[in-house]
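Terminal number for the sequence shown in UniProt numbering: 433, no gaps in between.
Note that beta-carbon positions come from the ideal geometry of N, C-alpha and C, so glycine has one too.
Values in this document were obtained by computation on a predicted structure and should not be read as measured data.
This report concerns only the one structure given below.
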Amino acid sequence: MVMSRVLKSVIALLFLGGLIAGGIWIARSITWPLTVAVPPLGDTTSKMLQALGREASQSSHWVRMKRISVADMPAAAAALQDGKVDLAILRTDVGLPSKAQTIAILRTYQVFLIIPPNSSIESFSNLRNRTIGFLPGPPEDQALLDKILTYNNIPTTSVNRLQLTPAEAGVALGQKKIAAIYVVGIPGIGISSEAYAAAAKATKGTPQIIGVDEADAMVKHFGGLQKVDIDAGSFGGVKAQPEEDTATLAVTLRLVAKQSMSNYVVGEVARKLLEAKTRLASTEPSVMGIEAPDTDDTQFAIHPGAKAYFDGDAPSLFDRFESLFWIGSAALGILGSGLTWLWSRIRGPRQDMEPVGDRLASFLKRVRQADERALAELEDELDSIVLQLIEARSEGTIEGDDINTYAIAVLHGRAAIAERLAFLRQQQGQGME
1 MVMSRVLKSV
11 IALLFLGGLI
21 AGGIWIARSI
31 TWPLTVAVPP
41 LGDTTSKMLQ
51 ALGREASQSS
61 HWVRMKRISV
71 ADMPAAAAAL
81 QDGKVDLAIL
91 RTDVGLPSKA
101 QTIAILRTYQ
111 VFLIIPPNSS
121 IESFSNLRNR
131 TIGFLPGPPE
141 DQALLDKILT
151 YNNIPTTSVN
161 RLQLTPAEAG
171 VALGQKKIAA
181 IYVVGIPGIG
191 ISSEAYAAAA
201 KATKGTPQII
211 GVDEADAMVK
221 HFGGLQKVDI
231 DAGSFGGVKA
241 QPEEDTATLA
251 VTLRLVAKQS
261 MSNYVVGEVA
271 RKLLEAKTRL
281 ASTEPSVMGI
291 EAPDTDDTQF
301 AIHPGAKAYF
311 DGDAPSLFDR
321 FESLFWIGSA
331 ALGILGSGLT
341 WLWSRIRGPR
351 QDMEPVGDRL
361 ASFLKRVRQA
371 DERALAELED
381 ELDSIVLQLI
391 EARSEGTIEG
401 DDINTYAIAV
411 LHGRAAIAER
421 LAFLRQQQGQ
431 GME
C-alpha cells in the first residue's frame, strides 16, 4: 500500500512537471502577429524600413510584423479603418482614419523651393506662370503644392510641372528651363541634397532655399500640416543655406495603430522601433528621422500604449498580461486539478472545513466595497486563509474535492482584488483629468 502511494505520487509529480514545462514552452512561443499596410515610398524611406524590419525581428520574440503592400496612402488608410490590417504607414496630409493613433514618427517631410542665385522668386506666391522641377515622390506631393498655390490664389494649372530626377533638375535649373525645384523631403538628406548639389554645380553659384511664409495660417486652414523651421545651414557648401532658420510647412510619415490595439503590444512595437534606431544609427543614417511623437500633441492622437512607453510609464504587469488572463487561468486550473488528485491519494479522511468556507464567502463580499487600504488588509487575510488551508492539508484534515473548491475560491479572490484595485485607480485617474 505504501509503495503504491509512493508510485502514484511520483507519477503525479512527473505529470505536473510536464505540465509546467509545457506551459513554459507555450509562453515562449506566444507571439502577436501584426500586419502593416505599406504604401509606395521613396527609395531612402523604403531602405530604412527594410533595415528596421530586419533589426526589429531579432530584438523581440513577442511581436512579429508582416508587411502588406498597398497601392497608395488612401488604400493604407482604408485598410486600417476597415480592420484589414493592424498597423499602417500614413502621411498626415492624407487624412488619418478615425480609428488611427500614432505609435511613432518615421519621417518629417519639409516643403521648400531650391532657386538659382539672383532669382526674382521670393516665395511660393511668385510661381504663377512659371515652370518648376518636380522630384520623384508620391501623388500627395502634387496635392500639397496645389494647396499652397490655392491658398495664394494661384490657379494650379498656371504652374507647369516637369517630373525630373535630382540630377536632371539641377541641370534644368542651370539652363533656366525651370524657375525652381519643388521639394518635399528632409533638408540636406537624400534627394533634396542631391538636387541642391546638382543645382550648385549647374548654376556655378549658391542656390537659395525658400520656405512657406504662410505656414502658420495654412496649418489652421488645412488639416494634417505642421509649421516647422528649416535649420540654418542644412545645405552645406561655401555658403551654407539657408543662412537662418526658415519657416515652412511639414507633413509627417507615421506608423499608426488601431485605437483598440492592446497598450502592451503598441508599447512593445514602439520599443522595437527605438531600439532598432539606436543600433542602426551608425550604419543606416536614414533612421535618424525616426522620433517619438509629442505626447502632449492635440492635433494627432497618440496611442496610450506608445504614450506610456515614451513617458517612461510602461503598462503595469496587470495590463501587460491582460491578454494572457484566460491562458493563465486555464494553466492554474490544470495545476490545481493535478494537486487535488495528488493530495486525495495520499491524505486522510475529510474533516469539517466550514469555517474556512465561511471566511472565503465573507471575504469575496467585502472586496466589492473595499477601498485601497481595505484591499491591502483583505490581501493579508487571504494569505492567512491560504496558510490555514496548507496546515489543514498537511494534517490530513481535508480531501481533494475540498482543496479544489478552496483553490478556485482563493484564485477568484486574488482576481477580485486585482480587478477592484484597477477599478479604483482608473477612477482616480479620471478624477485628476
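Judged by DSSP in its simplified three-state form, M73 adopts helix. It is roughly 13 Å from the alpha-carbon of I178 to the alpha-carbon of S120.
Residue burial annotation: R420 is buried, with at least 16 other C-beta atoms found within 10 angstroms of its C-beta. A Cβ-Cβ separation of about 17 Å leaves P187 out of contact with S123 under the 8 Å criterion. Excluding the 5 residues flanking it on each side, K227 has same chain C-beta neighbours closer than 7 Å at A215, D216, V219, A247 and L249, in chain order. DSSP places K239 in the coil class of the three-state scheme, outside both helix and strand. Three or more Cβ pairs closer than 8 Å define a contact, and the segment 137 to 152 falls short of that threshold against the segment 287 to 301. Taking every protein chain shown into account, the CB of H303 has 16 or more other CB atoms within 10 angstroms, so this residue is buried. I408 sits in a helix when the DSSP states are folded into three classes.
Counting along the chain, no alpha helix (DSSP H) covers K258; the unbroken beta strand (DSSP E) around it starts and ends at T246 to K258. When secondary structure is reduced to three states using DSSP, A301 falls in the coil class, being assigned neither helix nor strand.
Using a Cβ distance threshold of 9 Å, I103 and V256 count as a contacting pair.
Rounded to whole angstroms, A418 and V36 show a C-alpha spacing of 34 Å.
Beyond the five residues adjoining it in sequence on each side, S158 comes within less than 7 Å, by CB distance, of R128 and N129 in the same chain, given in chain order. Around the beta carbon of L387, a 10 Å sphere encloses fewer than 16 other beta carbons of the protein chains shown; the residue is thus reported as exposed. In this structure, DSSP gives R64 an extended state, which the three-state scheme calls strand.
Given a length threshold of 4 residues, each whole run of the alpha helix (DSSP H) inside the segment 111 to 188 is given here in chain order: 139 to 151 and 166 to 174. In this structure, P207 sits near P116, with a CB-CB distance shorter than 9 Å. If you draw a 10 Å sphere on the C-beta of S282, you find fewer than 16 other C-beta atoms in it, and that means exposed.
When DSSP states are grouped into helix, strand and coil, P33 belongs to the strand group.
The C-alpha of T108 lies about 23 Å from the C-alpha of I68.
Rounded to whole angstroms, K307 and A198 show a C-alpha spacing of 42 Å. Per DSSP, the beta-bridge partners of T108 are T252. In this structure, G137 lies near G42, with their beta-carbon atoms less than 9 Å apart.
Annotation: R373 to G413 spans about 16 Å, alpha carbon to alpha carbon. Take the alpha-carbon of K277 and the one of L49: they are about 11 Å apart.
R64 is classed as exposed because its beta carbon has fewer than 16 other beta carbons within 10 Å across all chains shown.
Check the Cα spacing between Q241 and each of V269, R254 and G205: the tightest is with G205. By a beta-carbon distance limit of 8 Å, D93 does not contact V269. Their separation comes to about 23 Å. A180 and S98 have their C-alpha atoms spaced approximately 37 Å apart. Here the C-alpha atom of G312 lies approximately 11 Å from the C-alpha atom of G305. In this structure, the CA atom of A370 is about 40 Å from the CA atom of G83. Cβ-Cβ separation between I191 and L135: approximately 5 Å, consistent with a contact (criterion under 8 Å). Taking C-beta atoms as the reference points, Q259 and A76 fail to come closer than 9 Å. Going by DSSP, R279 is part of the alpha helix (DSSP H) stretching over N263 to L280.
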